[in-house]
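Undergrad: Just passing along the structure, written as structure tokens.
Residue numbers (this note's numbering): 552 to 593.
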């Protein structure tokens, strides 16, 4: 099953990590703001 299982934040380095149930790895992710006006419309 590929489901998200854990989220961790490292405030000293401002880093965000995710892992999943049965995933063999830990992944660092970066969240970026979408600044395109048309993508914010629903």
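Glycine residues also receive a C-beta, built at the ideal position from the N, C-alpha and C atoms.
Straight-line CA distance for residue 571 to residue 564?
TA: 22 Å
Undergrad: If I follow the unbroken beta strand (DSSP E) through residue 588, where does it start and stop?
TA: Looking at the DSSP string, residue 588 is not in any beta strand (DSSP E), and its letter there is neither H nor E.
Undergrad: Taking the alpha carbon of residue 576 as the point to measure from, which residue in 568, 588 and 562 has its own alpha carbon closest?
TA: 568
Undergrad: Take residue 554 and list the residues in its own chain whose beta-carbon comes closer than 8 Å to its own, dropping the five residues that flank it on each side.
TA: 571 and 572
Undergrad: What residues match up with residue 561 in a beta bridge as DSSP calls it?
TA: In the DSSP output, where bridge partners are listed per residue, residue 561 has 566.
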